[in-house]
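Using this note's numbering, read the sequence shown as starting at 1 and increasing by one per residue.
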Amino acid sequence: MFQIDAMSRQPVYEQLVEQIERFVLTGILNPGDQLPSVRSLSVELSINPNTIQKAYTELDTKGIIYSIPGIGCFVAENAKEVLSVLTRRKLTEFKALAKELALAGVSLEELKGAATTAYYERGVKND
């Protein structure tokens with residue numbers, strides 16, 4: 001289920017966070033689903049349990065998962081909505097990047113083409 005790129009410059013815990021967030025957004029993980037235990041995921045991925053705990057703590061802080069001591073971590077009921085709000089905040093960054101690209105001579109058509117390609121690569125239909 002999880003894939004860690006040991007050669008990536010991105011820290012392993014961030015890779016885990018991003019994958020869990022993507023699984024929630026795509027419906028692979030649903031509200032109430034239990035996440036693998038820190039110990040089992042550590043063995044499966046051959047990574048330090050503290051790294052997994054760091055990822056789970058970040059997700060818990062964001063409100064995407066919750067933990068029940070002695071039982072495990074579960075996807076929060078409103079995880080998809082929380083992720084939607086957090087992701088929509090990136091529109092501000094996107095607007096700044098689009099402005100920078102326009103100043104560098106990238107046309108609106110090129111920008112639209114890149115955005116369209118990204119949507120189709122992720123399996124999102126043009127609405």
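Using N, Cα and C, we set each Cβ at its ideal position, and we do this for glycine too. Here the structure is a predicted model, which is why all the values come from computation and not from measurement.
Each of S8, R9, L41 and A102 was checked against the Cα of I20, and the nearest Cα belongs to L41. If you check the CB distance, A79 and V38 do not come in under 8 Å. Taking 8 Å as the upper bound for CB-CB distance, V82 and G63 are in contact here, some 5 Å apart. Closest by C-alpha distance to G32, out of Q53, R9 and Y66, is Y66.
Boundaries of the beta strand (DSSP E) harbouring V75: G72 to V75, taken from the DSSP string. Among the bridge pairs identified by DSSP, Y66 is matched with F74. A contact between stretches requires three or more CB pairs, one per stretch, nearer than 8 Å, and the segment 51-62 fails this requirement with the segment 90-102.
With a cutoff of 8 Å on beta-carbon distance, T61 and V12 are scored as not near each other.
When only Cα atoms are considered, L45 and A102 end up about 42 Å apart.
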